[in-house]
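**Q** So the sequence shown is numbered by the working numbering: it starts at 317 and just counts up by one.
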Amino acid sequence: MRFMDPDANDHPKEACGLYGVYGSPDVVPLIYRGLFAQQHRGQEGGGIVVSDGERVQSVKGTGLITDVFAKREARELSGTLGIGHVRYSTSGSTRPQNLQPLVARMIDGIWAVAHNGNLVNAEKLRRSYEESGAIFQTGTDSEVLIHLLADPRFRQGSPRVAGALAELSGAYSLLLMTKDCVMAARDPWGFRPLSIGRIGDAYVFASETCAFSVTGATHERDLEPGELVIVDKNGLRSHTIPGPPVARKAHCVFEQVYFARPDSTVFGRNVHLVRVELGERLAEEHAVEADIVCPMPDSGNSAALGYSQKSGIPLNFGFIRNHYVGRTFIMPVQDERSASADMKLSIMPEVVRGRRVVVVDDSLVRGTTMKRRVIDLRGAGAKEVHVRISCPPIAHPCFYGIDFPTREELLAARGDVSAICDFIEADSLGYLSEDGLLAPFENRGDYCTACFTGDYRVDPSGATGKLSMETDRLLFNLSAEA
Ligand code: SF4
């Protein structure tokens, strides 16, 4: 059994976070706080576009949202409507041109687009526009939407954006904006979350409801899969994105397992409570005699609590996390991820010495960080180390906005549970079953589980990889062919 990528950490990587407001006297502080609350969804960079009804202003930058808003131009923004975005690159490189919201001037004014998810037909659409002479500025899948919005074939529909959205396939939760209107849309499969809230008379939109609590918003409801919402001076109107009905929804179950913040309500369920239940089911499926249950902080905290409650084995903190080092998965450069993973956790020998330890984490992607932690635990005096994972083995790539795109990267694609247990040098290893994973959900058939099962609900054959639309790669290919 061969394992690659020895320095990578053990978590999949996402994604992006969205926050938008219509109808507040000063939307800038709200968008700042809304994005700040969703920083865990992307730390590469962020941006904000606002309008006072006439003038549209935009500021984008790399780094944390605090870095972006430290810019003088950001402090000078003001407006009554606006949208914002935090980015982790799941399509395109980390270069600043790929930051969102994307902004473009069209025949009917300025449009801004903020996107969470990955489109599986973006490259096909892009090639077709390029063949007819269009020029693309970014390496992201999201830019095709700018061209669709500008396309005369799709400008005539009612509502204006419906025809353009109907061309998209794959995962998209979107915020769009003109100088006097905010729109929100969610793909017909409902891959990524997107919710509507209210602050007084203002409407707000966010990827996660944790962004509502910090901005004083009440959570009204989630956008329905396939819904397009338009808010302007006439109020809020809801439309259905045209297209054939979708047989099976595909909410990303990984939002519940790992990505979303525990205090968010995602797809109608509180994330923390779902994770506690997953931990309880994990304890039922993979019981073991042990002295303490240790969460892998912070992602394993809630599941470890559930495991402890169900098993009766006391919870204790064998790992201490340094909160001044970011969540390592979100760092896109491998060396930075590796260094960060080493810096972020310390072991407390006083807690683990002489004890049989159950380590609970939410997922294993490559397994290399877990292997280091198991070795460290033994070095600190743990008598036995049993690893428990609150989801099934991830053996298939995701094409819908999560950054573990190749099968070669995935530990579970290259060996069975026993081989993985040997690799991470644990005394035992137990993964939650697919049944256990879906048990907390009433509508369990509406969840995507493709990374466990290979059952892709939207044909991913058109998805060509994270960097396939990067201009420099294209130029390289052209010069190689010349
Ligand atoms: S393949 Fe996995 S990570 Fe991707 S959308 Fe489906 S459940 Fe989520």
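For each residue, glycine too, the CB sits at the ideal point set by N, CA and C.
Quick check for students: name the residue ranges of the alpha helix (DSSP H) that lie wholly in the stretch 468-522, counting only runs of 4 or more.
**A** 468-471, 478-482
**Q** In angstroms, rounded to a whole number, what distance separates the CA positions of Tyr772 and Cys714?
**A** Stepping through the sequence shown from its first residue, residue 772 is reached at position 456. Stepping through the sequence shown from its first residue, residue 714 is reached at position 398. Between the C-alpha atoms of Tyr772 and Cys714 there is a straight-line separation of about 9 Å.
**Q** DSSP on Ala779, reduced to helix/strand/coil?
**A** Within the sequence shown, residue 779 is the residue found at index 463, counting from 1. It is coil, neither helix nor strand.
**Q** Quick one: what's Leu594 bridged to in DSSP?
**A** On the sequence shown, residue 594 is found 278 positions in, with the first residue counted as 1. Partner(s): none; Leu594 has no beta bridge.
**Q** With DSSP collapsed to three states, give me the class of Met686.
**A** In the sequence shown, counting from the first residue as 1, residue 686 sits at position 370. Helix at Met686.
**Q** Can you tell me the Cα-Cα spacing of Thr644 and Asp743, whole angstroms?
**A** Against the sequence shown, residue 644 aligns to sequence position 328. Against the sequence shown, residue 743 aligns to sequence position 427. Here Thr644 scores only 48 on pLDDT, less than 50, and its place in the model is too uncertain to base an answer on.
**Q** Can you give me the start and stop residues for the beta strand (DSSP E) that Leu748 sits inside?
**A** Along the sequence shown, read from residue 1 onward, the residue named residue 748 stands at position 432. That residue, Leu748, is in no beta strand (DSSP E); it is neither H nor E in DSSP.
**Q** If I measure Cβ to Cβ from Tyr335 and keep anything under 6 Å in the same chain, skipping five residues before and after, which residues do I get?
**A** Residue 335 sits at position 19 when you count from the first residue of the sequence shown. Cβ neighbours of Tyr335 beyond the five flanking positions: Ile347, Gly350, Leu351, Gly400, Ala522, Ala527.
**Q** So which of His712, Gly717, Lys626 has the shortest CA-CA distance to Ala766?
**A** As a position in the sequence shown, residue 766 is number 450, starting the count at 1. The option with the nearest alpha carbon to Ala766 is His712.
**Q** In chain order, which continuous runs of the beta strand (DSSP E) of length 3 or greater are located wholly inside the stretch 612-643?
**A** 635-637
**Q** Out of Pro558, Thr685, Glu605, which one is the CA nearest neighbour of Ala480?
**A** Numbered from its first residue, the sequence shown carries residue 480 at position 164. Considering only alpha carbons, the answer is Pro558.
**Q** Assign Ala779 to buried or exposed, taking buried as 16 or more other Cβ atoms, counted over all protein chains shown, within 10 Å of its Cβ.
**A** Locating residue 779 in the sequence shown gives position 463, where the first residue counts as 1. Looking at its Cβ environment, which holds 16 or more other Cβ atoms inside 10 Å, Ala779 is buried.
**Q** Between Ile718 and the ligand SF4, is there a pair consisting of the residue's CB and a ligand heavy atom that are separated by less than 7 Å?
**A** Position 402 of the sequence shown holds residue 718. Yes, Cβ of Ile718 sits closer than 7 Å to a heavy atom of the ligand SF4.
**Q** Can Val667 and Phe633 be called in contact, C-beta distance under 8 Å?
**A** Along the sequence shown, one-based indexing puts residue 667 at 351. Along the sequence shown, one-based indexing puts residue 633 at 317. In contact: Val667 and Phe633 (Cβ atoms closer than 8 Å).
**Q** Exposed or buried, Gly363, counting other C-beta atoms within 10 Å across all chains shown (16 or more means buried)?
**A** By 1-based counting over the sequence shown, the position of residue 363 is 47. Buried, because 16 or more other Cβ atoms sit within 10 Å of the Cβ of Gly363.
**Q** Using the Cα positions of Asp383 and Glu392, report the straight-line distance between them to the nearest angstrom.
**A** For the purposes of this step, residue 383 is identified with residue 67 of the sequence shown, where counting begins at 1. For the purposes of this step, residue 392 is identified with residue 76 of the sequence shown, where counting begins at 1. The straight-line gap from Cα to Cα measures roughly 15 Å.
**Q** Given the structure, does Phe507 come close to the ligand SF4, in the sense that its CB is under 7 Å from one of the ligand's heavy atoms?
**A** Start at 1 with the first residue of the sequence shown, and residue 507 comes out as number 191. Yes, Cβ of Phe507 sits closer than 7 Å to a heavy atom of the ligand SF4.
**Q** Between which two residues does the alpha helix (DSSP H) carrying Arg403 extend?
**A** Taking the first residue of the sequence shown as position 1, residue 403 is located at position 87. The continuous stretches of alpha helix (DSSP H) do not include Arg403, which lies in the beta strand (DSSP E) extending over residues 397-403.
**Q** Take Lys495 and list the residues in its own chain whose beta-carbon comes closer than 7 Å to its own, dropping the five residues that flank it on each side.
**A** To locate residue 495, count along the sequence shown from 1; it is residue 179. Answer for Lys495: Ser367, Gly369, Glu370, Val372, Gly425, Ile426, listed in chain order.
**Q** I believe Pro708 touches Tyr747 by the beta-carbon criterion, under 8 Å. Please report the beta-carbon distance rounded to the nearest angstrom.
**A** Here residue 708 corresponds to residue number 392 of the sequence shown, with the count starting at 1. Here residue 747 corresponds to residue number 431 of the sequence shown, with the count starting at 1. Correct: roughly 5 Å between the Cβ atoms.
**Q** Are the stretch 534-549 and the stretch 507-517 in contact at 8 Å, needing three or more beta carbon pairs?
**A** yes
**Q** Please give the ranges of any beta strand (DSSP E) in the stretch 421-465, keeping only runs that are unbroken, at least 3 residues long and fully inside the region.
**A** 425-432
**Q** Is Phe570 near the ligand SF4, in the sense that its beta carbon is under 7 Å from a heavy atom of that ligand?
**A** Taking the first residue of the sequence shown as position 1, residue 570 is located at position 254. Phe570: yes, Cβ under 7 Å from the ligand SF4.
**Q** With a threshold of 16 other CB atoms inside 10 Å of the CB of Ser706, please say whether the residue is buried or exposed.
**A** For the purposes of this step, residue 706 is taken as the residue at position 390 of the sequence shown. Counting of Cβ neighbours within 10 angstroms places Ser706 among the buried residues, the total reaching 16 or more.
**Q** Under a Cβ-count criterion, where at least 16 other Cβ atoms within 10 Å of its own Cβ denotes burial, should Phe720 be classed as buried or exposed?
**A** Mapped onto the sequence shown, residue 720 falls at position 404. It counts as buried.
**Q** Can you give the beta carbon distance from Ala728 to Ile736, rounded, assuming they're within the 8 Å contact cut?
**A** In the sequence shown, the residue the question calls residue 728 occupies position 412. In the sequence shown, the residue the question calls residue 736 occupies position 420. About 7 Å; that satisfies the 8 Å criterion.
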